[in-house]
Amino acid sequence: MIDLRINTDLARTILTGFLRSEITRMGFSHAVLGLSGGVDSALACYLAAEALGSEHVLAVLMPYKTSSPGAQEHAQMVVEAAGVQSLTVPITDMVDPLFQRFPDANAIRRGNVMARARMIVLYDQSEAFHGLVVGTGNKTEILLGYTTLYGDSACALNPVGDLYKTQVRQLAQEIGVPEVILNKPPTADLWQGQTDEGELGFTYEEVDKLLYLLVDQRFTPEECQEAGFSKELVLNVVERVRRNQFKRTLPPIAKLSNRTVGYDFLYLRDWGS
Amino acid sequence: MQLSIALAQISTRLGDVQANLEKHLSLAQEAHAAGADLIVFPELSLTGYVLQDLTPVVARQPTADDLDFRHLLNASQKIDLVVGFVEEDRRHRFYTAAAYLSLGEVVHVHHKVYLPTYGLFDEGRFFAWGDAVRAFDTRFGRVGILICEDFWHASPPYLLWLDGADLFLFTSASPGRGLRNEPHLDSARWVEHINQAYASLFTSFVAHTNRVGFEDGLNFWGGSTVFDPDGELLVKGPYHQESLAYASLDLNQLHRTRTRLPLLRDERTALMMRELGRILGEPSRGDR
Chain D
405 MIDLRINTDL ARTILTGFLR SEITRMGFSH AVLGLSGGVD SALACYLAAE ALGSEHVLAV
465 LMPYKTSSPG AQEHAQMVVE AAGVQSLTVP ITDMVDPLFQ RFPDANAIRR GNVMARARMI
525 VLYDQSEAFH GLVVGTGNKT EILLGYTTLY GDSACALNPV GDLYKTQVRQ LAQEIGVPEV
585 ILNKPPTADL WQGQTDEGEL GFTYEEVDKL LYLLVDQRFT PEECQEAGFS KELVLNVVER
645 VRRNQFKRTL PPIAKLSNRT VGYDFLYLRD WGS
Chain C
1178 MQLSIALAQI STRLGDVQAN LEKHLSLAQE AHAAGADLIV FPELSLTGYV LQDLTPVVAR
1238 QPTADDLDFR HLLNASQKID LVVGFVEEDR RHRFYTAAAY LSLGEVVHVH HKVYLPTYGL
1298 FDEGRFFAWG DAVRAFDTRF GRVGILICED FWHASPPYLL WLDGADLFLF TSASPGRGLR
1358 NEPHLDSARW VEHINQAYAS LFTSFVAHTN RVGFEDGLNF WGGSTVFDPD GELLVKGPYH
1418 QESLAYASLD LNQLHRTRTR LPLLRDERTA LMMRELGRIL GEPSRGDR
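Right, dumping it as structure tokens:
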């Protein structure tokens, strides 16, 4: 039936090769990434360390005052296990003045501000450490748009963005990410008690299979229902994927000339390298 | 008669012909020193693959008047070469091309006939479609060249077979895709299956060079192969690593295999033509 398992050796070869190639051809030898204590960033950290050498990777821990202490312990476990360099930059002093200016800001606004503050820290460290920012967003959250634009989605390159969450777990387990990180409920940790699955209203296990049919296998929504998914879930997910397309594209530029960036000025980023 | 062939599964720099040319020359020298008679580079080996708007910038004409080709033609005094490049014709159409160079001459140029323009591919947007499938004579017998999507279709290898090719030289820049819980990517498994099938069905040698490396997020998987007329694997390059894979082809195997299995002798080409004419002449059935 729906089998999301992957050949982890092959995935590891391709993803470490990708990181090595796409970082070095841009003239860099180092990488910077944010470590949350969760499985996605843990996996990205292990892969970057394997690709570049652990001393060439800077993991940045960026807790807010309400962040769960467990998450920081888990991030620290990853730092030690992967042997990478690390830095802790709390974001509390960055974001609290804005929160004080807008005390009524809801959880979404606050969460977005925190995600974007972390982006600022990472890109600042990118310059200081002369390393490219490695993204940690997986295929499930990219498709669902469960991400903050210009926040956690901001990166120079992303090794794990074509792996569904359950595939991230499989590869992370194989590569040696500690069990405690693999087994805890995924959370953006933007407010206390938040969990991805609680907020989304479905489990990764379930939605990954549905996305696989919709996206990879090009099933119609009706065919997904025939395959056993509830109408409510299918319609919810289809609409989420559509509504969040804007997070997956560059902003459209209004075309006026004969040659316009984004339409007919076509070069890969690897142009000339 | 033995033919020692080297499959150069290289990574390329995108749009940097000079750097890629230097790699060609150094590997040709290395393969010659190792005793190879022929070195086969992958699709678009002088330019890189996802060229898009770089296409007209990297285009060449495969003659001694072109400085880059002059170097390659010089190298071909010592070892035959198949190189991948963009050809610009006199009317300024751009083709995905592969040239066979030998003893200072351009023996043959193949223009890619099938340009994949679907899924992740956009070749038809930038390239003109080749319009010929021709075998040609070399000092090792009659040879045919096809480029990637050309041999995903069954008809070009079949035409080369009837045109006398006993050695098929296939080149690719095949993006790896289809990761499952299997030893190989779907794309690698497919290509290996069909190449082994062509060698068996046409009782011929099939050599395939596929590039490695990355372009943005695309990986190229390598795994170059040579199959003999019995469909036996003679050599296989590693996946995802640059390498020169060598194989020694005993061309007398053609005699032995075709004695045992006279598929070429028995091929009913007149029947094929008659039925094809009938099929194409009839109003389409079942297509709508």
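Each protein sequence line maps, in turn, to chains D and C.
Just so you know, we're using the numbering used here here: the first sequence kicks off at 405 and counts up by one.
Just so you know, we're using the numbering used here here: the second sequence kicks off at 1178 and counts up by one.
Virtual Cβ for every residue (Gly too), placed ideally from N, Cα, C.
Asked: Identify which residue in C:1290, C:1440 and C:1325 has its Cα closest to the Cα of residue 1272 (chain C).; Found: C:1290
Asked: Along chain D, in chain order, which residues have C-beta atoms closer than 8 Å to that of residue 1358 (chain C)?; Found: 407, 409, 410 and 411
Asked: State the Cα-Cα distance for the pair residue 1281 (chain C) and residue 406 (chain D), rounded to the nearest angstrom.; Found: 56 Å
Asked: Please state whether the Cβ-Cβ distance between residue 661 (chain D) and residue 540 (chain D) is less than 7 Å.; Found: no
Asked: Measuring alpha carbon to alpha carbon, tell me which residue in D:621, D:586 and D:477 is nearest residue 1296 (chain C).; Found: D:621
Asked: From the beta carbon of residue 422 (chain D), is the nearest beta carbon of chain C less than 7 Å away?; Found: yes
Asked: What separation, rounded to the nearest whole angstrom, lies between the Cα atoms of residue 636 (chain D) and residue 626 (chain D)?; Found: 12 Å
Asked: Alpha carbon to alpha carbon, how far is residue 462 (chain D) from residue 1246 (chain C)? Give it in angstroms, no decimals.; Found: 45 Å
Asked: Along the region 1217-1238 of chain C, what residues have a CB closer than 9 Å to any CB found in chain D?; Found: 1225, 1227, 1228, 1229, 1230 and 1231
Asked: Tell me which same chain residues have a C-beta within less than 8 Å of the C-beta of residue 567 (chain D), skipping the five on either side of it?; Found: 410, 415, 542, 543 and 575
Asked: Assign residue 1245 (chain C) to one of three DSSP states: helix, strand, or coil.; Found: helix
Asked: Spell out whether any CB of chain D is found under 7 Å from the CB atom of residue 1193 (chain C).; Found: yes
Asked: Tell me whether residue 1324 (chain C) sits in a helix, a strand or coil according to DSSP, three-state version.; Found: strand
Asked: To the nearest angstrom, how far is the alpha carbon of residue 572 (chain D) from that of residue 668 (chain D)?; Found: 35 Å
Asked: Should residue 1336 (chain C) and residue 1310 (chain C) be called a contact, given that it needs their Cβ atoms to be closer than 7 Å?; Found: yes
Asked: Ignore the nearest five residues each way along the sequence and tell me which others in residue 657 (chain D)'s own chain have a CB closer than 7 Å to its CB.; Found: 664, 665 and 666
Asked: What did DSSP end up calling residue 1205 (chain C) once you bin it into helix, strand or coil?; Found: helix
Asked: Could you check the C-alpha separation between residue 1389 (chain C) and residue 1304 (chain C) for me, to the nearest Å?; Found: 22 Å
Asked: State the beta-bridge partners of residue 1357 (chain C) as determined by DSSP.; Found: Looking at the DSSP assignment, residue 1357 (chain C) forms no beta bridge with any residue, so it has no partner.
Asked: Could you tell me which residues DSSP puts in a beta bridge with residue 620 (chain D)?; Found: Partner(s): none; residue 620 (chain D) has no beta bridge.
Asked: On the DSSP letters alone, give me the boundaries of the alpha helix (DSSP H) that residue 530 (chain D) sits inside.; Found: 511-533
Asked: Can you give me the start and stop residues for the beta strand (DSSP E) that residue 1261 (chain C) sits inside?; Found: 1257-1265
Asked: In its own chain, which residues sit with a C-beta less than 6 Å from the C-beta of residue 1347 (chain C), not counting the 5 before and 5 after it?; Found: 1323, 1328 and 1385
Asked: Taking a cut of 8 Å between CB atoms, which residues from the region 1236-1269 of chain C lie near chain D?; Found: none
Asked: Can you list the residues of chain C that residue 450 (chain D) reaches, using a CB-CB cut of under 8 Å?; Found: By Cβ distance, chain C contributes nothing, its closest Cβ being about 18 Å from residue 450 (chain D), past 8 Å.
Asked: From the DSSP output, in three-state form, read off residue 1305 (chain C) for me.; Found: coil
Asked: Would you mind giving the Cβ-Cβ distance between residue 1225 (chain C) and residue 1181 (chain C), rounded to the nearest angstrom? I have them listed as a contact below 8 Å.; Found: So it is not a contact: roughly 28 Å between Cβ atoms.
Asked: Output needed for residue 1253 (chain C): all residues of its chain with C-beta closer than 7 Å, excluding positions within five of it in sequence on either side, in chain order.; Found: 1278, 1279, 1280 and 1281
Asked: Could you tell me whether the region 465-474 of chain D touches the region 450-457 of chain D, where touching means 3 or more Cβ pairs closer than 8 Å?; Found: no
Asked: For the candidate residues C:1447, C:1237, C:1396 and C:1220, whose alpha-carbon lies nearest to that of residue 1292 (chain C)?; Found: C:1220
Asked: What residues from chain C crowd round residue 647 (chain D), counting only those whose CB sits closer than 9 Å?; Found: Under the 9 Å cutoff, chain C gives no residues; its nearest Cβ is about 24 Å from residue 647 (chain D).
Asked: List, in order along the chain, the chain C residues whose C-beta lies closer than 7 Å to that of residue 670 (chain D)?; Found: 1229 and 1230
Asked: Output needed for residue 534 (chain D): all residues of its chain with C-beta closer than 7 Å, excluding positions within five of it in sequence on either side, in chain order.; Found: 432 and 434
Asked: What does DSSP give as the partner residues of residue 1338 (chain C) in its beta bridges?; Found: Beta-bridge pairing links residue 1338 (chain C) to no other residue.
Asked: Taking the alpha helix (DSSP H) that residue 642 (chain D) belongs to, which residues open and close that run?; Found: 635-647
Asked: Using a beta-carbon distance below 7 Å, is residue 1405 (chain C) in contact with chain D?; Found: no
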